[in-house]
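Heads up, the thing below is written out as structure tokens.
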Amino acid sequence: MAKDFHLKYPQWSGGSWVVGLGSYLFRQSNKVHVYCDYRRKSGSKLWDGYKVCTKAFAEKYPLTPLKSNPQIKLYRIPFGELETFHEEYMEKEHLAKQQATKPEQKVNKRLLNKRELEYRILQQKHQNKRNISPLEEVMKVFCEERPCNVFEIDKDNYELEYK
């Protein structure tokens, strides 16, 4: 479970924004959602929504004490790097969700008996101008006169399996 943190104002340091996150934020959870309450002169926020910051990412930056209260120590993270980390993190999370929600679909295949197989071959020969069945050609090439089972997956898709 992520902890929410509302940033009242970021720090301006050397021409770029720096986000100061206290070490205390990571005591109960390893992930913090950073919201921006600061507004520019134009009235717009630095970012909408939230940015994700994990404890492992924050620990890449040194802990520096606050000038007004040296007991409170902050990870001072450049905003650009926090934004890049957030995008990468969300992309990984999205991919993980996609993989988790897509269970492998079971293929509904049916074993063709000899008579059905001959019928499918004749049907394909009749449709083809050269009077050659693609299924028959594939069986010759891949089975090489060895016995094999032919499974029908759908109307035009077949699967071969050696016996």
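The working numbering runs 582 ahead of the 1-based position in the sequence shown. Idealized CB from N, CA, C, for every residue including glycine. Note that the structure is a prediction, hence the values are computed from the model and not measured.
Compute the Euclidean distance between the alpha carbons of residue 605 and residue 683, then round it to the nearest angstrom.
35 Å
For the 8 Å Cβ check, are there 3 or more pairs between the stretch 659-679 and the stretch 627-643?
yes
Using alpha carbons as the reference points, say which of 695, 718, 696 and 697 lies closest to residue 706.
718
Please check the pair residue 524 and residue 628, which I expect to be a contact at CB under 8 Å, by giving their CB distance rounded to whole angstroms.
Residue 524 lies beyond the residue range present for the chain, which begins at 583 and ends at 745; the question has no answer from this structure.
Could you please give me the residues that DSSP links to residue 646 through a beta bridge?
656
Take residue 621 and list the residues in its own chain whose beta-carbon comes closer than 8 Å to its own, dropping the five residues that flank it on each side.
Around residue 621: 627.
Does DSSP put residue 742 in a helix, in a strand, or in coil?
In this structure, DSSP gives residue 742 an extended state, which the three-state scheme calls strand.
Hey, would you say residue 638 sits closer than 7 Å to residue 657, going by beta carbons?
Their beta carbons are not under 7 Å apart, which means residue 638 does not touch residue 657 by this criterion.
Can you give the Cα-Cα distance for residue 601 and residue 643, rounded to whole angstroms?
11 Å
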